[in-house]
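Okay, so here's the structure we're looking at.
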Amino acid sequence: MLLFLLISAVSGALVAGLALPLAGLADVTTTTAHNTVKYLPQDLTIPPLAQSTTIVASDGKVIANLAQENRKQVTLKQINPMMLKAIVAIEDDRFYQHGAIDLKGTLRALVLNQSRGSVAQGGSSITQQYVKLSLVAKARSVEERAAATADTYERKFTELRYAIAVEEKISKDEILNRYLNLAFFGDRAYGVEAAALHYFGVHASKLTLPQAATLAGLVKSPNAFNPVAHPVAGKERRNIVLGRMRELGIITPKQARDAMRTPVIDLKKVKAFRTGCANSPYPFYCDYVVARLKQNPVFGKTEEERADYIETAGLTVRTSLDRKIQAAAQASIDKHSKPTDEAVAAITIVEPGTGLVKAMAQSKPYGFGKHQTAYNYNVEQSYKGGYGGFQNGSTMKTFTIAAAIQKGVPLNYRINSPQTLDLSGREFKTCHGTASDNNYKPKNSTRTVADPSMIQAAQASTNTYFLQLSEQVGLCPIANLLGKMGMRDAQTEEPLEQVPSMTLGSAGLITPLMLSSAYATFPARGTFCNPQIVTAVASSRGKTIQTPGLSCKPVITPQVADGVNYVLNKVMDPPGTGSSLKFGSSDLAGKTGTIDGSKAVWFAGYSTKLSGVSVVADATPKYTDLQGQTLNGRTIGEASGSKIAGPFWETAMRAALKNYARTKFVQPDQKTIRGNVKNLPNVKGMTPEQATVTLKAAGFKVAVATTQVDSDAVAGTVAWTTPRAEEGALAGATILLWLSNGSKAPPPTTPPPPGTTPPPPGTSLPPIPPPTKPTGGPACPPWDPQFPNCRPPRR
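In structure tokens form, the structure reads like this:
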């Protein structure tokens, strides 16, 4: 009420003064005006200016802008002096002579406004305008914004008091600098730097005289004088500014004439400001960056606070995106798929040893229209827009291989692997007990030898082999490795299920980002790195903001990783399922994956430099077999990891690795190759009961084959075992007894383990050394480290 009465009194005095001759106003001095308003509110809390945040690729190239207002704050030294002179000339030519209030201008405006019965002219000084803009920027509600812009004398006098307080604390130059950073110049350009870049494609420091005059003329009415939308009005307003500068002696008449003759705008140089990830050339990657930023508590206590800060703080966010590798991934997507396909495809590529996410691409473009999507098929559901993954099929067998090697299983370890295996009711050890399936009869999707080695089983992706291997190794060691390598359910964030079919990829939903990061552990020789997408964040002033850096730790020994690399490298050789995808001279390793019902197919592979994963899947409920769906405009026939997902991986990785030098995997040592097996008793010729007692006493389990085989052993006795006696076996492994039919036929010769022949030219991986025939001494299995140079005769 007191404020209202004071304002009414001042207004009344001024109105009364207007009835007198204008000369009577000479008695109203600056001191009088100062004393009149000095008791009005004066504490003006000015929030930091909202500035746009820039997201850049690893090479510094801008990939997105995030903003509530398009603004980049600059210092006075970063603004061309001609711009400073132009804005002062047209908005407040006595700015450096008067105080907070330009008395002449204010009284002139009051006279005009009173005569018209409305606020027709502002008469505001630059300081007053700065105060008004600050109040508008500070407003957080419709009501606050309305109060900050109301055409009332109450608002005017409040601004005057604030202006006095501002000038008591801040220099004229600083006020001018803040004003030019705060002012709106139209077309979403806030501040002189954003305006200069938008309209003319130059920084504020490089503005020419006519460009500066154009921008100075815009602040009065950014829409009416917009040179892009209204070039005639924009030019007329610019010329008014130039004329005023000439009148004040700031520029010469010739400078004014020359400037007035220039075009007001060159539309080719106008740069539209596009904000948000939807306008990025890499929208899905950008969305993932923003999602990761919003999870960082350094930017605020809540996600809402963090989002507001990220969009207004003027940050520079450097990412791990490699634009060349991203282009390779996208080119592969474009080559092998179309947005109109029923199936979707996605690729992620990361760097082993750092976890840097180099590329993310997918077949459905960003958007909400037909054949578009806002889902990122590469990442988890916990991130905004993350699809949440697919089952990953036989790519999971790699982790069974790692767990087996870690436990001492030799690389030539053989297991009888029939086309169909009845595992109904069989108990698999887990971390918390056992798991079983009462009706589980898995089949092989490919054919291989009856008792393949680990390498042969990996080459053919033999399901029944890896199921038995996982049973012998136990599910807990596999689960522990998966957890250490960042593998978890992409929708629930829970650990993957320890179920009998775990090694076949049915333990949960996995993303390409997860799988590529986990596979990168092997070429990094056992070091797993959490995916890293934000590499640095700088404030608007260039100060580093601490954010999580690289997070890497060893999770398996280098020797185990070398063994995995050796096995998966053989998958890329004939007759391996990845042999058609091999390229170049560098060592490559990979594994195919097809989930139950062929609803998704995968290929995961790597060199020592890059790890990449591709997936093709049905992402539309109700999920169905890929066979019969369209991919690249054609109907899918047989859906397999090598034929469908593989080409995406091969095309992307071939181009991505083009500029890298030739690299090789480290050779596995002999201990890794030979494993850590126990001597296996020779039970040939024993009855099944005798053999069972003997083997169980040695710490093994026993099973008996249902069919008899040709052998020179007595009918009904043991002909041989799987694994063979000379190969040894893991402690606690199940030994399969093959019984003789008494045919007197000689036993079949077990083919030599893969790798016993010299490697092809250019291959650095060693062959598995064949044991030499003994010249005497005790008979012993070839993989026993105590007897490296002996081999018993086959039995």
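Read in order, the letters of the sequence shown are residues -26 to -1, 1 to 769 in mature numbering (1 follows the signal peptide of the UniProt record, and there is no 0).
Every residue, glycine too, gets a C-beta built ideally from N, C-alpha and C.
The beta carbon of Val48 sits closer than 6 Å to the beta carbons of Glu167 and Ala178 from its chain, once the five residues preceding and following it are set aside; these are given in chain order. Rounded to the nearest angstrom, the gap between the Cα atoms of Val116 and Arg515 is 31 Å. Inter-residue distance for Gln601 and Val575 is about 11 Å (C-alpha atoms, whole angstroms). One Cα belongs to Leu631, the other to Cys503, and the distance between them is close to 20 Å. Secondary-structure assignment with DSSP links Trp576 through a beta bridge to Gly567 and Val589. Runs of the beta strand (DSSP E) lying entirely within the stretch 275 to 351 and spanning at least 3 residues, in chain order: 290 to 293, 318 to 324 and 331 to 336.
For secondary structure counted as the beta strand (DSSP E) over 3 or more consecutive residues, the stretch 397 to 482 holds these complete runs in sequence order: 402 to 404 and 407 to 409. For Cys260, there is no enclosing beta strand (DSSP E); the enclosing alpha helix (DSSP H) has its first and last residue at Pro257 to Lys268. In the DSSP assignment, Thr661 is bridged to no other residue. By a beta-carbon distance limit of 8 Å, Ala626 contacts Ile321. Their separation comes to about 5 Å.
Annotation: the continuous beta strand (DSSP E) that includes Leu711 extends over Thr708 to Leu713. For Thr226, there is no enclosing alpha helix (DSSP H), as DSSP gives it neither H nor E.
Asn390 has its alpha-carbon roughly 10 Å from the corresponding atom of Thr708. The straight-line gap separating the alpha-carbon atoms of Glu277 and Lys268 is approximately 6 Å. If you compare the alpha carbons of Leu456, Leu18 and Gly523 with that of Ala494, the shortest gap goes to Leu456.
A residue is called buried once 16 or more other Cβ atoms fall within 10 Å of its Cβ, and Pro474 is buried on that count. Sorting Thr101, Gly649, Val206 and Ala689 by C-alpha distance to the C-alpha of Glu148 places Thr101 at the top. Listed in chain order, the non-local C-beta contacts of Gly537 below 7 Å within the same chain comprise Ile379, Leu385, Pro642 and Thr646, local neighbours out to five positions each way being set aside. Glu43 is positioned such that its CB atom lies closer than 9 Å to that of Tyr164. Around the beta carbon of Asn539, 16 or more other beta carbons sit within 10 angstroms, so the residue counts as buried.
Within the same chain, Thr394, Leu395, Leu397, Asn437, Thr438, Leu441, Ser475 and Leu478 come within 8 Å of Pro416 by CB-CB distance, once the 5 residues on both sides are set aside. Fewer than three Cβ pairs drawn from the stretch 461 to 469 and the stretch 559 to 572 lie within less than 8 Å of each other, which leaves the two stretches out of contact. For the stretch 40 to 73, the full-length alpha helix (DSSP H) segments reaching 4 residues or more read 55 to 65 along the chain.
Residue Ala281 holds the alpha-carbon nearest to the alpha-carbon of Leu40 among Ala281, Thr347, Leu171 and Asp411. As computed with DSSP, Arg608 is found in a beta bridge with Leu605.
In this structure, the alpha-carbon of Gly343 lies about 11 Å from that of Pro313.
Minimum Cα-Cα distance from Ile519 among the listed residues Ser419, Gly274 and Thr485 corresponds to Gly274. Cβ neighbours of Ser480 within its own chain (closer than 6 Å, five residues either side excluded): Gln365. Taken atom to atom, the span from the alpha-carbon of Glu141 to that of Ala74 is near 6 Å. In the three-state reduction of the DSSP assignment, Phe247 falls in the coil class. Considered as a whole, the stretch 140 to 204 harbours no complete run of any beta strand (DSSP E) with no fewer than 3 residues. Per the Cβ contact rule, the stretch 347 to 358 is not in contact with the stretch 649 to 663 (fewer than 3 Cβ pairs under 8 Å). In this structure, Ala265 and Ala303 do not form a Cβ contact; the two beta carbons are roughly 20 Å apart against a cut-off of 8 Å.
A Cβ-Cβ contact shorter than 9 Å links Thr582 with Pro497. If you check the CB distance, Ser588 and Phe577 come in under 9 Å. Put simply, the stretch 711 to 720 touches the stretch 681 to 692. At least three CB pairs are less than 8 Å apart.
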